[in-house]
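**Q** Encoded as structure tokens, here's the structure I'll be asking about.
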Amino acid sequence: MSTNIDHIKEEHHHQPSGLMRWITTTNHKDIGSLYLWFSLLMFFIGGFMALIIRAELFQPGLQLVVPGFFNQMTTMHALIMIFGALMPAFVGLANWQLPMMIGAPDMALPRLNNWSFWILPFAFTMLLSTLFFESGGPAAGWTLYPPLSLQGGNSMPFVIFSLHLLGASSILGAINVIATILNMRAPGMTLMKMPIFVWTWLITAFLLIAAMPVLAGAITMLLTDRFYGTSFFTAAGGGDPVLFQHIFWFFGHPEVYILILPAFGIISTIIPAFSRKKLFGYDSMVYATASIALLSFIVWAHHMFTVGMPLAGEIFFMFTTMLIAVPTGVKVFNWVATMWRGSMTFETPMLFSLAFIILFTIGGFSGLMLAITPADFQYHDTYFVVAHFHYVLVPGAIFAVIAAVYYWLPKWTGKMYNETLGKVHFWMTTVFVNITFFPMHFVGLAGMPRRIPDYAVQFTDFNMIASIGAFGFGLSQLLFVYILFQTLRQPVTAADKSWEGAEGLEWTLPSPAPYHSFDTPPKVD
Amino acid sequence: MSGSSYYVPHETKWPFLATIALMIMFIGLANYMNDESTLTLTLTGLGLLLIVIYGWFSYVVRESEGGLYDDQVDMSFRWGMAWFIFSEVMFFAAFFGALYYARELSLPWLAGDGSGVSTNQELWPSFENVWPSNGPANYGGDFVVMKAAGIPALNTIILLISGLTVTWAHHGLKEGKRNQLILGLIATVLLGFIFVGFQAYEYSHAYNDLNLKMSSGIYGSTFYMLTGFHGFHVTLGAIMLTVILFRCIRGHFSNENHFGFEAVAWYWHFVDVVWLGLFVFVYWL
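Protein sequences, first through last, are from chains B and A.
Numbering-wise (this note's numbering), the first sequence opens with residue 1 and increments by one.
Numbering-wise (this note's numbering), the second sequence opens with residue 526 and increments by one.
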């Protein structure tokens, strides 16, 4: 046995290079980078699909694509952005930051970590390959509602299996995050001393573990309904298509908080750093995050007010949904109060964070409008809904990811990005994001339905504006990629503490951070 | 590792290979479902997956037996397994939710309750809400219900006893009584496989004699999906217990250090609890 162990320990010093390094790595920084690069790639693939959608919607009538392909684009755009761009981006940030923030050498379960990542490229290859099938890719929307999704072509089992794999990857990743946070903190770092980003990820991981298996159950039922004669979603057999919507949104609503809670954590880290003040109301921030997470499990049916639920259900879900505004309001208040009388500067991460607060709040308010059941009867399945969730996900979640990348890039690489270009990127992104999504409120309220390739002529002007904005937004992100590569070509100059007001254990490490973050646990008091 | 007491594993090829095996398996299965191929590819993938799991696990076992893991690693494993079981609970919750929804909401509505009045009158005026049901269209034809007394009750007793035997084995392990440990495990494994055997017999009985099929409307759907996934988990648990049994025979695990054993025991109790839910809500009520 002892020779075995000597053998194992010897291997430890052997470091493969090239492609094999990335395939076999168990290092949290390597895996974090893999996640982030993968997410960037998916962001552009999903974005390209969005541009196909916006190009078709530039004017009424059918110009560029056939309706079936248009539906595949809306479906795939959502699946890729949610499961391929945003979730991996946050997991990538967690991988990079959590061990550094809690004073650990690495994640708790490094091999599992490798597995969580490597499932993704394969699963997305499978998902994207369905676009080249003779019967096309999935076209029933990312929510996969039956009976429509049951009528899809050969892509259906491929889509479902790829979602199973993505879910498994998320669950394994979340288990790893929880084990890391609960078990690997430096001595002295009690739960209520953890950086707020760590807290938000702990709660997000709980949401992932509770929600993703429910999605797996729902899509498994779809699969057996289609191929093995079960009647979960068939009324004639005693089931109900609405049942799918209930199970799906029991997963789906926690899922949208999975996409936003880590963003809250990022904003709560960056705002204090550039206000040179401690975060206002740390404890209330933690409790607000936990409240949002718990509430997310009892609001799901606000996505389906118009399916004909009993009145008691409509009212229950309306009020629980509105309740979420309370902890979210606490958060927004705390961010603003953190800045109050702070010594503020406006570097790129701060600009994105400020835009986040304003634009995410707009998305939050349109969410409140949608929460009002009778009002939702008018808004349901219109472009108003599209405007709402793009406001919380693009200038919400994506802005937070971009802010995080600018903020921690010097720590990761030891190199500082070009601040002028960063600001140009910020202003282009912010202007175009509003040009793209703000007009959607108007056409939505005026009655333009979502998920259609053609529309009535009176919606033309606003759609043209939105399409121009979308192309501008897409081009602005090429600048982001340019900035990233330009930064990587710089010499190492960044200070260990790259920002004057930055706080946290990660800034006590050298820039770039060493391969194994903390070899000996730091003392936290 | 330098200066750290924490064990950070070096590079590994297993997760990547596991992903490739999974992909082969799922692509094969999807093609099979689309009637475009036989099961060859699926089985190839499954075979590869088993090889990878064997390789990966034996590696971890070697590390564990070589004393590379300290208490902190042990605790990470514990958190990992506990949350994995929680995710499994949520998976079953989706199917239990479907069962409750069908029984409490969709069937009453189809029978004309609440806002279902016109649906009932226009489509299926003669339909009444009686559980078990295969729906207003009588999907799969008339069937006989699986009774709770008989095999399901026997299976309940078998699983409950197996929960006791695995705990008895655990006590043996903690007190250094290796014979008690091995006997307890053998009993648990046997009971587990007897359970699975009874389930298989019950399925064939249901298909051949009772005309109860997966396509027997919502009753057949919930019955087979819940008991099927549970049976699958029992099979996995029994295989895991078998592995633990062989490890114990080889002298693995110590009084204090036996996470592998405990993880499988937790898993076994979990399938036990799920079964109790099944017995009450699927067979009995």
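Even for Gly, the Cβ is constructed at its ideal location relative to N, Cα and C.
Is the CB of residue 705/A under 8 Å away from at least one CB in chain B?
**A** Chain B contact via Cβ: absent.
**Q** Report the neighbours of residue 527/B on chain A: residues whose CB is nearer than 9 Å to its CB, in chain order.
**A** In the structure as shown, chain B begins at 1 and stops at 525. Residue 527/B is therefore absent and cannot be evaluated.
**Q** Are the C-beta of residue 12/B and some C-beta of chain A separated by less than 8 Å?
**A** Summary for residue 12/B: the model assigns pLDDT 49, below 50, so the residue's position carries little reliability, and this model does not support an answer.
**Q** Does the beta carbon of residue 635/A sit closer than 8 Å to a beta carbon anywhere in chain E?
**A** No chain E is present in this structure, whose protein chains are B and A.
**Q** With distances taken Cα to Cα, identify the nearest neighbour of residue 716/A among 610/A, 748/A, 764/A and 655/A.
**A** For residue 716/A, the nearest C-alpha among the options comes from 764/A.
**Q** Within its chain, find whatever has a CB closer than 6 Å to the CB of residue 480/B; leave out the 5 residues flanking it on each side and keep chain order.
**A** Cβ neighbours of residue 480/B beyond the five flanking positions: 425.
**Q** Would you mind working out which of 124/B, 104/B and 133/B sits nearest residue 188/B, comparing C-alpha positions?
**A** Among 124/B, 104/B and 133/B, the Cα nearest to that of residue 188/B belongs to 104/B.
**Q** How many angstroms separate the CA atom of residue 6/B from the CA atom of residue 520/B?
**A** At residue 6/B, the pLDDT of 47 sits below 50, so the modelled position is not reliable; the number obtained from the coordinates is stated separately. Near 23 Å, if we compare the C-alpha coordinates of residue 520/B and residue 6/B.
**Q** Below 7 Å on C-beta distance, what does residue 620/A contact in chain B?
**A** Correct list: 217.
**Q** Against chain A, does residue 231/B count as a neighbour if the rule is that its beta carbon must be under 8 Å from one of theirs?
**A** Chain A, which has a Cβ nearer than 8 Å to the Cβ of residue 231/B, makes this yes.
**Q** Of all the CB atoms in chain B, is at least one closer than 8 Å to the CB of residue 800/A?
**A** It does not; no Cβ of chain B falls within 8 Å.
**Q** Alpha carbon to alpha carbon, what distance is there between residue 518/B and residue 556/A?
**A** Each residue's alpha carbon lies about 47 Å from the other.
**Q** Report the rounded CA-to-CA distance for residue 653/A versus residue 810/A, giving the unit in angstroms.
**A** Their backbone Cα atoms lie some 18 Å apart in a straight line.
**Q** Under 8 Å between C-beta atoms, does residue 538/B make it to chain A?
**A** The structure shown does not extend to residue 538/B, since chain B is modelled only from 1 to 525, so the question has no answer here.
**Q** Provide the residue(s) that pair with residue 521/B in DSSP beta bridges, ordered along the chain.
**A** Answer is none; residue 521/B lacks a bridge partner.
**Q** Residue range of the alpha helix (DSSP H) that residue 338/B falls in?
**A** Segment 325-339, the alpha helix (DSSP H) holding residue 338/B.
**Q** Just the C-alpha distance for residue 119/B and residue 372/B, rounded to the nearest angstrom, thanks.
**A** Each residue's alpha carbon lies about 40 Å from the other.
**Q** Taking only runs of the alpha helix (DSSP H) that begin and end inside the stretch 106-181 of chain B, which ones reach a length of at least 4 residues, in chain order?
**A** DSSP runs (the alpha helix (DSSP H)) wholly in the stretch 106-181 of chain B: 110-129.
**Q** Using a Cβ-Cβ cutoff of 8 Å, what residues of the stretch 300-314 of chain B are near chain A? List them in chain order.
**A** Within the stretch 300-314 of chain B, the qualifying residues are 308 and 310.
**Q** In or out: residue 527/A buried (at least 16 other Cβ within 10 Å) or exposed?
**A** Its pLDDT being 37, under 50, residue 527/A is placed unreliably in this model, and the value from its coordinates should be taken loosely. Per the 10 Å Cβ criterion, exposed.
**Q** Can you find a C-beta in chain A that's less than 8 Å from the C-beta of residue 214/B?
**A** Output row for residue 214/B: interface = yes.
**Q** Using a Cβ-Cβ cutoff of 8 Å, what residues of the stretch 657-671 of chain A are near chain B? List them in chain order.
**A** Within the stretch 657-671 of chain A, the qualifying residues are 658, 659, 660, 661, 662, 664 and 665.
**Q** I'd like to know if the stretch 202-216 of chain B and the stretch 127-139 of chain B are in contact, where contact means that at least 3 CB-CB pairs between them fall below 8 Å.
**A** Output reads no: the stretch 127-139 of chain B does not touch the stretch 202-216 of chain B.
**Q** Counting only C-beta atoms, is residue 774/A closer than 8 Å to chain B at any point?
**A** Not closer than 8 Å to any Cβ of chain B, the Cβ of residue 774/A fails to qualify, so no.
**Q** Give the DSSP-derived three-state secondary structure of residue 382/B in the structure shown.
**A** Correct three-state label for residue 382/B: strand.
**Q** Buried or exposed, going by whether 16 or more other CB atoms sit within 10 Å of the CB of residue 388/B?
**A** It is buried - the Cβ of residue 388/B has at least 16 other Cβ atoms within 10 Å.
**Q** Taking 7 Å as the cut-off, is the beta-carbon of residue 496/B closer than that to any non-hydrogen atom of the ligand ZN?
**A** Ligands in the displayed structure: none, and consequently the ligand ZN is not present.
**Q** Within its chain, find whatever has a CB closer than 8 Å to the CB of residue 487/B; leave out the 5 residues flanking it on each side and keep chain order.
**A** Once the five neighbours on either side are set aside, the close Cβ partners of residue 487/B are 409, 413, 415, 416, 417 and 418.
**Q** Taking Cβ-Cβ distances below 7 Å as the criterion, which residues of the stretch 170-189 of chain B are in contact with chain A?
**A** Result list: 171, 175, 178, 179, 182 and 183.
**Q** By how many angstroms is the C-alpha of residue 263/B removed from the C-alpha of residue 329/B?
**A** Roughly 15 Å separates the two Cα atoms.
**Q** Does residue 807/A have its Cβ less than 8 Å from a Cβ in chain B?
**A** Output row for residue 807/A: interface = no.
**Q** Please go through the same chain and pick out, in chain order, the residues whose beta-carbon is closer than 7 Å to the beta-carbon of residue 439/B, but skip the five residues on each side of it.
**A** So the list reads 462, 465 and 466, once near-sequence residues are dropped.
**Q** Just the chain B side, please: which residues come within less than 7 Å of residue 559/A by C-beta, in chain order?
**A** Residues of chain B passing the Cβ test: 154 and 157.
**Q** As a quick exercise: from 57/B, 36/B and 34/B, pick the residue whose alpha carbon is nearest that of residue 469/B.
**A** For residue 469/B, the nearest C-alpha among the options comes from 57/B.
**Q** When Cβ atoms are compared, which residues of the stretch 379-404 of chain B fall closer than 8 Å to chain A?
**A** So the list is empty, because no residue satisfies the distance condition.
**Q** From the DSSP output, in three-state form, read off residue 241/B for me.
**A** Looking at residue 241/B - three-state DSSP - the assignment turns out to be helix.
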